[in-house]
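Below is one structure, written out as structure tokens, with a few remarks after it.
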Amino acid sequence: MIHRHLESSAAGRSKTLPVDKCVYFSMWKSLNGKPRQVSCVLKIYTGGGFSEMLPPRNPRAAYRREAIAARRSGSGSCDCGESRPEALIPGSESPICYACDRRRNVRRLTDAHHIAGRSNSPIMILVPVNDHRSELSKAQYDWPKKTLQNPDRSPLLTGAAHLRGFADLMVYLLKSFLLWVADMLELLDTILEQKLGRKWWKNTKLKTFEPKSKSDA
Ligand SMILES: [Zn+2]
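So in this note's numbering, the last spot in the sequence shown is 226, and the numbers never skip.
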């Protein structure tokens, strides 16, 4: 049994998953050749929330929203591993996320997200439904209400909404596009070190990527 817990990143949460749901398992198995691993810990970046990268504007309101979402959806997680309260359907007999529910009903798994809010811009992007509910929409709830709703169509508030929407999107992309690669590289480094020994890269072409020492500078 192998049990890995990656702590290198500031964002995301770790969760123990069956190996058939772990993206690292096949890589580990091919390197080790022995199917003795029964579980591993997978870093789920979507399991966090923007509060882990950017502090909420209004911590009290953010706490209240999270508590309400958790109360509505109950505790636990979907069979797929999804555990963010906002991504779980409230009142379900057993926890199920929006994505699994839509998959079961052969419905689209993505939502259109208004980057600057519906009142400020018609520009939308498609994002996975669970991420839309628990990341991007959740982040917008933390905006000043007047900016998000912009009832008088103020050009200044529209500008503010574009800035906020772009910042939220960048944080989302950093988490979902980039940070998992760092975790995967760190896990692979550990696996190769265990298999081939320390400084395993010395006799490979990867040596050219070795960071320069002070004496080389
Ligand atoms: Zn699910």
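Don't be surprised by glycine CBs; every beta carbon is placed ideally from N, CA and C.
The model shown is predicted, which means the values in this text are computed figures rather than measured ones.
| Asked | Found |
| --- | --- |
| Pocket of ligand 1 (residues with CB nearer than 5 Å to any heavy atom), chain order | C87, C89, E91, C106 and C109 |
| I124 and G174 closer than 8 Å at C-beta | yes |
| Runs of beta strand (DSSP E) wholly within the stretch 86-134 (minimum 3 residues, chain order) | 119-123 |
| Segment contact flag, the stretch 83-92 with the stretch 107-119, C-beta cutoff 8 Å, min 3 pairs | yes |
| Spatially closest choice to R162 from N212, G85, G126 and K204, by CA coordinates | G126 |
| Sub-8 Å separation of A170 and N129 beta-carbons | yes |
| Helix, strand or coil at P164 according to DSSP, with G and I counted as helix | helix |
| Through-space distance from K208 to A191, alpha-carbon basis | 19 Å |
| Buried/exposed call for R142, threshold 16 Cβ in 10 Å | buried |
| Residues that DSSP places opposite C136 in a beta bridge | The sequence given here has Val at residue 136, not Cys. Answer by DSSP bridge pairing, in chain order: D120. |
| Exposure label - S224; buried when at least 16 CB within 10 Å | exposed |
| Contact set for A176: own chain, Cβ-Cβ below 7 Å, skip 5 residues either direction | none |
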